[in-house]
Amino acid sequence: MTIPIRIHGEWAKPQFSLVFDDVLRQKAEKEIDRGLDKLEEKYGDKIKDEKTKDAIKGVLKGFFN
65 MTIPIRIHGE
75 WAKPQFSLVF
85 DDVLRQKAEK
95 EIDRGLDKLE
105 EKYGDKIKDE
115 KTKDAIKGVL
125 KGFFN
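In structure tokens, the structure reads:
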């Protein structure tokens with residue numbers, strides 16, 4: 065897992081802070097991708113239309129934009 069760090073301040077006295085919202089977003093997106101893969105395995109043959117599959121993925125991933 066990537067943990068982003070924000071560096072700000074002067075060159076002589078830099079300040080560091082963790083960016084937790086990005087970490088949580090990455091984790092959530094990874095879990096959504098994993099869930100979508102499971103749905104694809106279970107119901108993929110029932111949803112034939114690629115536009116429908118893309119719409120479902122877009123809605124779920126849209127929560128994190």
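So the mapping is simple: the working numbering equals the position in the sequence shown, first residue as 1, plus 64. Backbone N, C-alpha and C define an ideal beta-carbon position, used for all residues, glycine too. Nothing here was measured: the structure is a model prediction, and the numbers come from that model.
Could you have a look at residue i and say whether DSSP puts it in helix, strand or coil?
i          : result
residue 71 : strand
To the nearest angstrom, how far is it from the Cα of residue i to the Cα of residue j?
i           : j           : result
residue 93  : residue 102 : 14 Å
residue 116 : residue 88  : 27 Å
residue 90  : residue 76  : 32 Å
residue 106 : residue 85  : 31 Å
Check whether the Cβ atoms of residue i and residue j lie closer than 7 Å to each other.
i          : j          : result
residue 67 : residue 80 : no
Among the residues of its own chain, which have a CB less than 6 Å from the CB of residue i, if the five just before and after it don't count?
i          : result
residue 83 : 68, 70
residue 73 : 79
residue 98 : none
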